Ligand code: VG1
Ligand code: CO
């Protein structure tokens, strides 16, 4: 029987860069999650007989919301729900399941790399039938609906046992609890040269993978240790925990410091890697060398033909605007298009669907391809392993050869977290106002060539996205980008992206902070970060 519950709108249910992200306490308010999910169901394109996929990263509050979402899906006319066992599906696995089983969409419950637990973060994201994040037109429609919603619906049935694989029924709807890992692991086996990796592993190729007590643990155990034969213990922190062991499941040099230290030690394996809360990000560290995500994108694209799935070549490479231009140089060398999109994976969907790009990436440790419509942490790790296995080279060797051929993009991102929102907005407004006067001005040795606020017109569907970040381009090819994060749950986070290009004949083996010092000083002079925020140093440098 369908129960209709009267409700009133909540303010601020506007999806950000990647879904609706708030503190758990906010989501725990009566009707809060229900209003958002009902708004999704009210606007989503879902023909009669549709299937919905539901999965999450296993963080605190996951099960509660999944149980409710299943009851609501039954009341809203879905024919079938596919849910990962224990409520677990990594974000890329959810994308694959949506595509494989022809679902009309999916709910992914995650706040990604944000910490978890009763006082931390939760999130809900809706993905469409292509498996990718809902594009802005859809998220705008969802948001508009949250502002007028007056009821939500559910079928009160017997609770589904999320832990037991099998089929049950709620009202007229079928609920299938599926193996969270199998479909995804099978897909990886199709894409990559597993026999070559297995053979290399048997001959001593080694990897340390830090699952950060997040969703990729079970996936990494199955793929790396069982299917590829890497030694037991290859996967560190492989048991998903509701609070990620009290850590940030953010695979960067700050939060994966233990892995970094291992990789810089004499005992380092060939490859060190980590993934985030929901499994869509990746960190790549070779023995003695950190590979920036922007460089990883470029190096993967340059070597992708070594993996069976990409042996026929790439159709194009896409990167988010703040991501370094290293990938563009690879695209030019391959004679394929290079696309520049706003931040967030939702902007890659149309390019992938239209066959304009095969590999995409973001500076925030996201890389992926047209095999799904999300970034994919383990995919990147497996492509690296495939390349190492086939070439027999070290990560260091691949990096050095890459820089010698394409030049090197020194790169860093400085984050100023939990700034008062008003101060952050004033800073950005000041920056924008200063744009017309910037060209021609010099900051130390750097002269501004151009400055703008990035706006994007999707080359496939023509949709426009404005205010996607302030870019300051210098005559020497260096660049600073300023933008506010769209995933935080506390105040505002200012991201400052710094990039300096050195030609192949230039200085390729320097330390990044020293190479970026002039740009860091210029960023302060241009934006007045200290004056606006009182901060004299970033909270996180990645
Ligand atoms: C951040 C990253 C962006 C990424 C997004 C979601 O967004 O910068 O590149 O797509 O997180 O990643 P923002 O707006 O905070 O800069 V995840 O792994 O949270 O789904
Ligand atoms: Co993520």
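Residue numbers (this note's numbering): 38 to 579. Here a beta-carbon is modelled for each residue, glycine too, at the ideal position from N, C-alpha and C. Bear in mind the structure is a predicted one, so any value in this text is a computation, not a measurement.
If I measure Cβ to Cβ from residue i and keep anything under 8 Å in the same chain, skipping five residues before and after, which residues do I get?
{"i": "residue 88", "result": "115, 116, 117, 118, 119, 138, 139, 140 and 141"}
{"i": "residue 441", "result": "541 and 545"}
{"i": "residue 458", "result": "528 and 529"}
{"i": "residue 220", "result": "130, 133, 134 and 137"}
{"i": "residue 431", "result": "307, 323, 324 and 425"}
{"i": "residue 477", "result": "484 and 485"}
Please confirm whether residue i and residue j have their CB atoms less than 8 Å apart.
{"i": "residue 341", "j": "residue 446", "result": "no"}
{"i": "residue 517", "j": "residue 545", "result": "no"}
{"i": "residue 43", "j": "residue 188", "result": "yes"}
{"i": "residue 320", "j": "residue 396", "result": "no"}
{"i": "residue 160", "j": "residue 278", "result": "no"}
{"i": "residue 286", "j": "residue 254", "result": "no"}
{"i": "residue 645", "j": "residue 108", "result": "Examination of residue 645 is not possible in this model, given that the chain is present from 38 through 579 alone."}
{"i": "residue 271", "j": "residue 250", "result": "no"}
{"i": "residue 352", "j": "residue 394", "result": "yes"}
{"i": "residue 296", "j": "residue 311", "result": "yes"}
{"i": "residue 403", "j": "residue 317", "result": "yes"}
{"i": "residue 329", "j": "residue 357", "result": "no"}
{"i": "residue 486", "j": "residue 472", "result": "no"}
{"i": "residue 190", "j": "residue 40", "result": "yes"}
{"i": "residue 238", "j": "residue 267", "result": "yes"}
{"i": "residue 128", "j": "residue 524", "result": "no"}
Per DSSP, which one or two residues make a beta bridge with residue i?
{"i": "residue 249", "result": "DSSP output for residue 249 lists no bridge partner at all."}
{"i": "residue 19", "result": "This structure cannot settle anything about residue 19, because the visible part of the chain is limited to 38 through 579."}
{"i": "residue 517", "result": "509 and 535"}
{"i": "residue 170", "result": "164"}
{"i": "residue 355", "result": "376 and 397"}
{"i": "residue 120", "result": "91 and 214"}
{"i": "residue 273", "result": "247"}
{"i": "residue 320", "result": "311"}
{"i": "residue 502", "result": "493"}
{"i": "residue 479", "result": "484"}
{"i": "residue 578", "result": "451"}
Could you check if residue i is buried or exposed, using at least 16 other CB atoms within 10 Å of its CB as the buried criterion?
{"i": "residue 300", "result": "buried"}
{"i": "residue 381", "result": "buried"}
{"i": "residue 508", "result": "buried"}
{"i": "residue 195", "result": "exposed"}
{"i": "residue 151", "result": "buried"}
{"i": "residue 548", "result": "exposed"}
{"i": "residue 401", "result": "buried"}
{"i": "residue 234", "result": "buried"}
{"i": "residue 504", "result": "exposed"}
{"i": "residue 304", "result": "exposed"}
{"i": "residue 248", "result": "buried"}
{"i": "residue 512", "result": "exposed"}
{"i": "residue 506", "result": "buried"}
{"i": "residue 533", "result": "buried"}
{"i": "residue 537", "result": "buried"}
{"i": "residue 492", "result": "exposed"}
{"i": "residue 75", "result": "buried"}
Just reading off the alpha helix (DSSP H) that residue i is part of, what are its end residues?
{"i": "residue 312", "result": "Segment 308 to 312 is the beta strand (DSSP E) holding residue 312; no alpha helix (DSSP H) there."}
{"i": "residue 484", "result": "Not the alpha helix (DSSP H): residue 484 falls in the beta strand (DSSP E), residues 483 to 490."}
{"i": "residue 205", "result": "Careful: residue 205 lies outside any alpha helix (DSSP H), inside the beta strand (DSSP E) at 203 to 207."}
{"i": "residue 424", "result": "414 to 428"}
{"i": "residue 583", "result": "Residue 583 lies beyond the residue range present for the chain, which begins at 38 and ends at 579; the question has no answer from this structure."}
{"i": "residue 590", "result": "With the chain running from 38 to 579 in the structure shown, residue 590 is simply not present."}
{"i": "residue 62", "result": "61 to 64"}
{"i": "residue 134", "result": "128 to 137"}
Return the chain-ordered list of same chain residues with a C-beta closer than 6 Å to the C-beta of residue i, the five sequence neighbours on each side being excluded.
{"i": "residue 419", "result": "225 and 229"}
{"i": "residue 51", "result": "180"}
{"i": "residue 406", "result": "395 and 396"}
{"i": "residue 293", "result": "247, 311 and 320"}
{"i": "residue 361", "result": "331, 446, 448 and 536"}
{"i": "residue 480", "result": "559 and 562"}
Excluding five sequence neighbours on each side, which residues of the same chain lie with their C-beta closer than 7 Å to the C-beta of residue i?
{"i": "residue 155", "result": "61 and 97"}
{"i": "residue 99", "result": "93, 124 and 146"}
{"i": "residue 203", "result": "214"}
{"i": "residue 344", "result": "228, 229, 230, 420 and 423"}
{"i": "residue 262", "result": "269, 271 and 272"}
Starting from residue i, follow the beta strand (DSSP E) in both directions and report where the run begins and ends.
{"i": "residue 41", "result": "39 to 43"}
{"i": "residue 448", "result": "445 to 456"}
{"i": "residue 327", "result": "326 to 328"}
{"i": "residue 386", "result": "Unbroken run through residue 386 is the alpha helix (DSSP H), 386 to 390; no beta strand (DSSP E)."}
{"i": "residue 144", "result": "142 to 146"}
{"i": "residue 192", "result": "188 to 192"}
{"i": "residue 149", "result": "Here residue 149 belongs to no beta strand (DSSP E), and DSSP marks it neither H nor E."}
{"i": "residue 406", "result": "403 to 406"}
Under 6 Å, CB to nearest heavy atom of the ligand NAP: contacting residues: The ligand NAP is absent from the structure shown, which contains only the ligand VG1 and the ligand CO.
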